Amino acid sequence: MEMRVKTNKLTMVQAVTDGLRTMLQKKEEVVLLGEDIGSNGGVFRATEGLMEEFGEERVMDTPLSEAGLMGTAIGMAINGMIPVAEIQFLGFIYPAYEQIATHATRIRMRTMGKYTVPMVIRAPYGAGIRAPEIHSDSAEALFTHMPGMKVVCPSTPYDAKGLLIASIEDPDPVLFLEPLRLYRAGKEEVPEGEYRVEIGKAARRREGSDVTLIAWGAMAAQASKAAEKLEQTGVSCEVIDLRTLYPLDKETIAESVQKTGRAVIVQEAHATGGLANDVMGVINDTSFLYLRAPITRVSGFDVPVPFFSLEEHYLPDTERIIQAVEKVIHY
Amino acid sequence: MENGFEMIQIMDENGNLVNEEFKSYISESLTKEMYEKMILVRTFDRKAISLQRQGRLGTYAPFEGQEAAQVGSASALKERDWLFPTYRDHAAAITFGHSLPHVLLYWNGRMEGCTVPSGKRIFPPAVPIATQLPHAAGAALAEKRRGTGNAAIVYFGDGATSEGDFHEGLNFASVFKSPVVFFNQNNHFAISVPIEKQMNSRTIAQKSVAYGIPGYRIDGNDIFAVYFYTKQALERARQGEGPTLLEAVTWRYGAHTTADDPKKYRNQEESLSKKRTIDPLLRLERYMKNEGIWEDDWANLVQKEAEEQIEGAVAEMEAFPPPDVNDLFDHVFAEPTWTIREQKEEYMNQIRGAGR
Chain D
0 MEMRVKTNKL TMVQAVTDGL RTMLQKKEEV VLLGEDIGSN GGVFRATEGL
50 MEEFGEERVM DTPLSEAGLM GTAIGMAING MIPVAEIQFL GFIYPAYEQI
100 ATHATRIRMR TMGKYTVPMV IRAPYGAGIR APEIHSDSAE ALFTHMPGMK
150 VVCPSTPYDA KGLLIASIED PDPVLFLEPL RLYRAGKEEV PEGEYRVEIG
200 KAARRREGSD VTLIAWGAMA AQASKAAEKL EQTGVSCEVI DLRTLYPLDK
250 ETIAESVQKT GRAVIVQEAH ATGGLANDVM GVINDTSFLY LRAPITRVSG
300 FDVPVPFFSL EEHYLPDTER IIQAVEKVIH Y
Chain U
0 MENGFEMIQI MDENGNLVNE EFKSYISESL TKEMYEKMIL VRTFDRKAIS
50 LQRQGRLGTY APFEGQEAAQ VGSASALKER DWLFPTYRDH AAAITFGHSL
100 PHVLLYWNGR MEGCTVPSGK RIFPPAVPIA TQLPHAAGAA LAEKRRGTGN
150 AAIVYFGDGA TSEGDFHEGL NFASVFKSPV VFFNQNNHFA ISVPIEKQMN
200 SRTIAQKSVA YGIPGYRIDG NDIFAVYFYT KQALERARQG EGPTLLEAVT
250 WRYGAHTTAD DPKKYRNQEE SLSKKRTIDP LLRLERYMKN EGIWEDDWAN
300 LVQKEAEEQI EGAVAEMEAF PPPDVNDLFD HVFAEPTWTI REQKEEYMNQ
350 IRGAGR
């Protein structure tokens, strides 16, 4: 007999709340902490109602202090708790970077496993919502480069909840990036209760045969839009949404590129030192002889993410993706 | 008087009790125990420097002069408490039960040096400055949530008070009433920069006012003041009354690490004169002589036993099995990621081929 799972139509930010609630109910050790997450429910309402439901000891409004927040969460994590720390915007994580880079990511190795940091850092990120300056950074490469931490980035409500639950259950620190532009971009059926989306597995969003588009976060949605338009001109695109940025899903990337022979990687972050370069490395190592054109990247520029009056020029749009695809098709 | 934070002493430089309130708590056995511990760690410190000079240990951070601050404070801890040290607090860690060979292994570049005897809650030394303060606030908060009555102590130097994490750690602990003792060892220099160039406030203890918590400036070379005031602060923490900031005023005779030369920034005459006047071991010796509980034979035996114990630890450190290359890869994640798995496999094949 088929089991029917009850679902609700949720936006991504509602799915995040649902995932947090599910884990707060399941495990006493789970504790949320961050700036304005309590009575205000988070500036994006991701923690709305949770303090009322679980109390101030489980959902803690903290002082405005990213390093203090991260360091305190690390201390709680080494002592048996599972903190989910919210950084209000990824662009504000830099003061906490030292705590993450010098402690969270290396405590397991330094103590040969005696102390571990099973914590999650939730951080809304990315441009496209006309936020003030600094708020819109895509700094994921700072974290994928730092050994000892997993980096996860959903692009759908379903994945957001499933990946969040998997991240909270992961025994190692996970940076959980929530693309701001997709928070309320659409609704999707999301199962009630517990389910997991495996960390380290990419999703094939669209089947295609001519070129593989590889993206994550808000750019995964952008790549799908470009693929739809290209379909009308007779170009068949396969779209891979990475979902986990470290470790990358080598198999899915290789399988797709070996099928299509062409790859365009789309990232919102700056080009130099970005994650797209690592995806190129994976393709080079696994699929070099299958390539029919050089791998191409569409990136934000090597400039600070600009004030919002210019952000549409900074962000890769469907037009730039389409041009890149045409370039590799006609190479 | 320093802004209301006058230096607290129980015993003065000549070994006289100046605070009779504590007299009944200072037994002969407590006194002797403190002296034995201080001799052990001073002998350890001197030995470690000598091993470094001989190339048998890597760069080492000495603490001679700070024995009372570290031994006195760590002696006040209970078995299930937490200790968050910096790279200069091996005396505190040893007092709290860290193993001597493992402390030496740490300074010999071995990860095993961060592992402590089972049941001991001693965190690996913090190498960045002041980052361990929020950890202590968080670990202590977890104890408070569980209602255990356990507390944490966290060590830091005077330079650490300039870092943001110092303020963030104190602020978090004070807001959430974490059962933690912030234990500052003011040895007057952050590597080469003197405290006068580090901060414009007269004392470190006074910084407690900003966080609404008690702060005490204590004579860090007076082991009784350190021991009893730390004990009192820990007791306060256990009662749910929150954190305390202790400033233990002390002096380090030697270099920041064996890699630098203190003659370039510390007045050597001053160090020498402090060694003759305020030294924590000398002071306890004077006290014991005043009290008529000093015996030369006993002191010689204490010194001899410390040396034997340390020689044993050095032998154990040097006989330790060579480092295992697997440890380079196996402790980064609970399960290694494919990148680490592949890198390990390739490298292991390479070194096997090369016979390394």
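Going down the list, the protein sequences come from chains D and U. Counted the way numbering that gives the first Met the number 0 counts, the first sequence spans residues 0 to 330. Counted the way numbering that gives the first Met the number 0 counts, the second sequence spans residues 0 to 355. Even for Gly, the Cβ is constructed at its ideal location relative to N, Cα and C. For clarity, every value in this text was computed on a predicted model and none was experimentally measured.
For ASN199 of chain U, same chain residues with a beta-carbon under 6 Å away, outside a window of 5 residues either side, do not exist.
Taking a contact as a CB-CB distance under 8 Å, the pair ALA129 of chain U and ASN183 of chain U does not count as one, their CB atoms being some 10 Å apart. Of all residues in the stretch 94 to 113 of chain D, those with a C-beta nearer than 9 Å to a C-beta of chain U are PRO94, GLU97, GLN98, THR101, HIS102, THR104, ARG105, ILE106, ARG107, MET108, ARG109, THR110, MET111, GLY112 and LYS113, reading in chain order. For LYS303 of chain U, the enclosing alpha helix (DSSP H) has its first and last residue at 295 to 317.
Contact of HIS134 of chain U with chain D by beta-carbon distance below 8 Å involves GLY70, THR71, ILE73, GLY74, ILE77 and HIS102. Taking every protein chain shown into account, the CB of ARG351 of chain U has fewer than 16 other CB atoms within 10 angstroms, so this residue is exposed. Of all residues in the stretch 318 to 338 of chain U, only ASP326, HIS330, VAL331, PHE332, ALA333, THR336, TRP337 and THR338 place a beta-carbon less than 8 Å from a beta-carbon of chain D.
Here ALA202 of chain D carries a strand assignment [DSSP, helix/strand/coil]. Note on geometry: alpha-carbon atoms of ARG107 of chain D and PRO170 of chain D lie some 10 Å from one another.
At a cut-off of 8 Å between beta-carbon atoms, LEU140 of chain U makes contact with chain D. In the DSSP assignment, ALA204 of chain U falls outside any beta strand (DSSP E) and carries neither an H nor an E. The continuous alpha helix (DSSP H) containing TRP337 of chain U extends over residues 337 to 352.
In the three-state scheme derived from DSSP, where H, G and I count as helix and E and B as strand, ARG3 of chain D is classed as coil.
Between the stretch 38 to 45 of chain U and the stretch 78 to 86 of chain U, the count of C-beta pairs closer than 8 Å stays below three; the two stretches do not touch. Per the coordinates, the alpha-carbon of GLU307 of chain U lies some 10 Å from the alpha-carbon of VAL313 of chain U. The beta carbon of GLU162 of chain U sits closer than 6 Å to the beta carbons of ILE128 and ALA129 from its chain, once the five residues preceding and following it are set aside; these are given in chain order. Distances from the CA of VAL265 of chain D to each of D:THR259, D:LYS258, D:GLN257 and D:ASP277 were compared; the closest alpha carbon is that of D:ASP277. For LYS160 of chain D, the enclosing alpha helix (DSSP H) begins and ends at 156 to 168. A check of alpha carbon separations from GLY211 of chain U across U:LEU244, U:ALA136, U:ILE222 and U:THR94 identifies U:LEU244 as the nearest.
Around the beta carbon of ARG282 of chain U, 16 or more other beta carbons sit within 10 angstroms, so the residue counts as buried.
Less than 8 Å divides the Cβ of PRO82 of chain D from the Cβ of ALA72 of chain D. Neighbourhood of VAL174 of chain U in chain D, by CB distance below 7 Å: PRO62, in chain order.
Between LEU163 of chain D and MET50 of chain D, the alpha-carbon positions lie close to 19 Å from each other.
Per the coordinates, the alpha-carbon of VAL225 of chain U lies some 16 Å from the alpha-carbon of PRO242 of chain U. Contact with chain U is found for PRO170 of chain D, since one of that chain's Cβ atoms lies less than 8 Å from the residue's Cβ. Residue state for TYR252 of chain U is assigned as coil, using DSSP reduced to three classes.
For the C-beta of GLY3 of chain U, not a single chain D residue is nearer than 9 Å; the gap to the nearest is close to 26 Å.
Flagged as an interface residue toward chain U: GLY67 of chain D, by a C-beta distance shorter than 8 Å.
Remark: C-beta atoms of ALA150 of chain U and ALA139 of chain U approach each other more closely than 8 Å.
Scanning U:GLN65, U:PHE328 and U:LEU50 for the CA closest to the CA of TYR59 of chain U turns up U:LEU50. When C-beta atoms of the stretch 88 to 96 of chain D are compared with those of the stretch 121 to 136 of chain D, three or more pairs fall below 8 Å, so the two segments count as touching.
In the DSSP assignment, VAL180 of chain U falls within the beta strand (DSSP E) that extends over 179 to 185.
Nearest CB-CB separation between GLY147 of chain D and chain U: below the 8 Å threshold. At least one CB atom of chain U sits nearer than 8 Å to the CB of MET80 of chain D. Nearest in C-alpha terms to LEU68 of chain D, of all of D:LYS149, D:HIS329, D:VAL15 and D:ALA103, is D:ALA103. SER38 of chain D sits in coil when the DSSP states are folded into three classes, being neither helix nor strand.
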